[in-house]
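According to this note's numbering, the sequence shown is numbered sequentially starting from 778. Backbone N, C-alpha and C define an ideal beta-carbon position, used for all residues, glycine too. From a predicted model like this one, the values you see are computed outputs, not experimental measurements. Read through the structure below, which is laid out as structure tokens, and then see the notes.
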Amino acid sequence: MARSKHKSVEIAHREFQSPEAGRSSEQAQRDESLRISIDDSARTPTVFYFATAVFWLLIGTLFGVATALKFTLPDWLGDIPALTFGRIRPAHLNTVMYGWASLAGAGMIVWLTARLCRVPLQWGWLHYIAALLWNIGVFVGTVAILAGYNQGMEWLEFPKFAGGLIAIAFLLFAASIVQTFRVRQVEHLYVSLWYILASLLWFPILYVVANLDLYQGVVQAAMNWWFGHNALAVWFTPIGLAGAYYFIPKVIGRPIYSYYLGLIGFWAFALFYNWNGMHHLVGGPIPTWLVTVSIVASVMMVVPVMAVAVNHHLTTVNHFRMLKYSPTLRFVVFGSMSYTAVSFQGSLESIRSFQEVAHFTHYTIGHAHLGVYGFLSMILFGAMYYIMPRLAKWEWPYPKLIKAHFWTTAIGIAIYVVTMSIGGWIQGLQMNDPSIPFMDVVNTTKPWLWGRTFGGTLMMIGHFIFAYQFFLIIKRAGPRRFAPALFREPAPIEAPAAAEGKRR
Ligand code: HEM
């Protein structure tokens, strides 16, 4: 008990102090005022991105749970065209990916870039326009999908008008981040910055090229999956990795294990990931060599993934006990471990013999959620738990609600992935057996689909808990705490000035 209390105090202090705490008091004061000015400059844009992201998280989750229910209750809401499966499924995908994950990622990038460049955010006003346009784009796009207007390509369902707004928003967002980077006051570029800057270059090219009206027939299918997989490669994965590379060492209070491994991971990632998309078209009417090249690149992804996994593991080793205390670390380490798992799974899934069973089954949906939820969303939750108290100048009021959020989402996603993987594999084996009638295969999957709905409902509960606490911290409401909210042991009460000024 005494040891655990001591530990929680130690972590509380670490959350207040920078690793350079031993430096001269003059230097420490300069650092302190720099951090305050950086946080002041990034406050409104970051909180705006985060708040709207949480809104889309709730909307997207409701679409997700409703979509899941329709697998087992197909007639439910079937006579309302806007709420039929073909519309709410893409509405779910687009609201969670372009609403939740992108906006939360944008907020994290704004704060992280200013902190890592050690300068206040530049051209911050651009973010007001960017965030507004981005939200209008997601709103208009979602309404259009529900009304039946859809480009007919997965991940690109939003009509061009909505997509155009998002593209403009992204360019404005990127302009401010690049300008902040240009006036940076650091010599050394930290790993997270490599991923952020690369994604700012790659994603607009990808999004604009994919939205051009140039592709027909099988070329359109190839382009669709070039975009679909690269949206993960050049936007969502860099966000997650930038977060993991920053928050793991930051909370633990030691540098990343190896910059050289970081370099190998980054360049191997840049080299191999963008070739991966064609593995979605195994057996499809495109040249076989194109698919084969893509499978080779997908298997080669083992190199960057191993580099990241080893780097993060060796940074965390001997510090795993901190997972008992720090909410940020627990979410981010969960996300980082999911990244390793989902990436190895992805390499395996690209192989032809594996796809003979798994392709066109629920197995793929389990894989998708392990990636965009287990990896990306969990890291974003962790990032928001870290960043928000620094910007709101208010601690998370209820550590127990953070714990409830963690366990509902961690257990929920575990159930989701396990049920979809087992149910999907059985489904694939049965579909390959021509003696089994199709309806028998459908009935076999039913219990697994109910399992998914249960897991998804737990995740939804977690999201509402999170949204409630997020609302409280924005309003600076709830019981006032003077030290970081940790999972264990109430943190020591400190003078209010410490919480206001010294939170780093
Ligand atoms: C932030 C949270 C979430 C994210 C980022 C997310 C993301 C996604 C993505 C990317 C897809 C497309 C998968 C593919 O085509 O391979 C998808 C589909 C789907 N998601 Fe989610 N999802 C989230 C939460 C949920 C929740 C809570 C549920 C509730 C059960 C859910 C249920 C579904 C369903 C039923 C589908 C369609 C599956 C199919 O067509 O077979 N999702 N989601």
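In this structure, Val896 keeps its C-beta atom at 9 Å or more from the C-beta atom of Val968. Between the ligand HEM and Val1059, a heavy atom-to-CB distance of less than 8 Å is absent.
Selection His1089, Asn1053 and Asp990 evaluated against Ile1072 yields Asn1053 as nearest (Cα-Cα).
Look at Ser1103 here: in three-state DSSP terms it is coil, with no helix or strand label. DSSP, reduced to helix, strand and coil, places Lys1180 within a helical segment of the structure shown.
Contact between Gly1112 and Gly1159 holds, since their C-beta atoms are separated by about 7 Å, short of 8 Å. For Tyr1102 and Ala939, the gap between their C-alpha atoms comes out near 42 Å.
With contacts defined as CB atoms closer than 9 Å, Thr1222 and Ile1192 fail to qualify as a contacting pair. In this structure the stretch 906 to 926 does not lie against the stretch 964 to 983, because fewer than three pairs of beta carbons, one per stretch, are closer than 8 Å. Approximately 5 Å separates the beta-carbon atoms of Thr1092 and Ile1033; this is inside 8 Å, confirming the contact.
Put simply, of His1089, Gly837, Pro1211 and Leu1018 the residue whose alpha carbon is nearest the alpha carbon of Leu970 is Leu1018.
Just so you know, the alpha carbons of Ala1010 and Tyr1050 end up roughly 6 Å apart. Just measuring C-alpha positions, the residue of Met885, Phe1108 and Ile865 sitting nearest Thr823 is Met885.
Going by DSSP, Ser801 is part of no alpha helix (DSSP H) at all; its letter is neither H nor E. The Cβ atoms of Thr1185 and Ile1242 lie closer than 9 Å to each other. Going by DSSP, Ile1063 is part of no alpha helix (DSSP H) at all; its letter is neither H nor E. Residue environment: Met1165 is assigned as buried (16 or more neighbouring CB atoms within 10 Å of its CB, all protein chains considered). Here the C-alpha atom of Phe1248 lies approximately 10 Å from the C-alpha atom of Phe832. C-alpha of Ala946 to C-alpha of Gly1061: approximately 35 Å in a straight line. Rounded to the nearest angstrom, the Cβ distance from Gln899 to Gln962 is 12 Å, too far for a contact under 8 Å. At least one heavy atom of the ligand HEM is found less than 8 Å from the C-beta of Gly1189.
Distances from the CB of His965 to the heavy atoms of the ligand HEM are all 8 Å or more. Within the same chain, Trp1202, Gly1205, Leu1206 and Asn1209 come within 7 Å of Val1134 by CB-CB distance, once the 5 residues on both sides are set aside. Burial state of Phe840 is buried, judged by a 10 Å Cβ sphere holding 16 or more other Cβ atoms.
The beta carbon of His1146 lies closer than 8 Å to those of Ile1190, Tyr1193, Val1194 and Met1197 in the same chain, with the five residues before and after it left out. Taking all protein chains shown into account, Ser1127 has 16 or more neighbouring C-beta atoms within 10 Å of its C-beta and is therefore buried. Collapsing the DSSP output to three states places Arg807 in a helix.
In terms of side-chain proximity, the C-beta atom of Trp877 is found nearer than 8 Å to a non-hydrogen atom of the ligand HEM. The C-alpha of Ala883 lies about 12 Å from the C-alpha of Leu974. Taking the Cβ of Ala998 as the reference point, every heavy atom of the ligand HEM lies at 8 Å or farther away.
Per the coordinates, the alpha-carbon of Leu1048 lies some 32 Å from the alpha-carbon of Tyr1163. Distances taken from the Cβ of Arg1229 to the heavy atoms of the ligand HEM include one shorter than 8 Å. Cα atoms of Ala1181 and Glu809: separation of roughly 33 Å, rounded to the nearest angstrom.
With distances taken between CA atoms, Leu1178 lies nearest to Gln1246 out of Gln1246, Met930 and Val1059. The stretch 909 to 918 makes no contact with the stretch 976 to 986, as fewer than three CB pairs between them are under 8 Å.
In this structure, Val1079 sits near Ser1120, with a CB-CB distance shorter than 9 Å.
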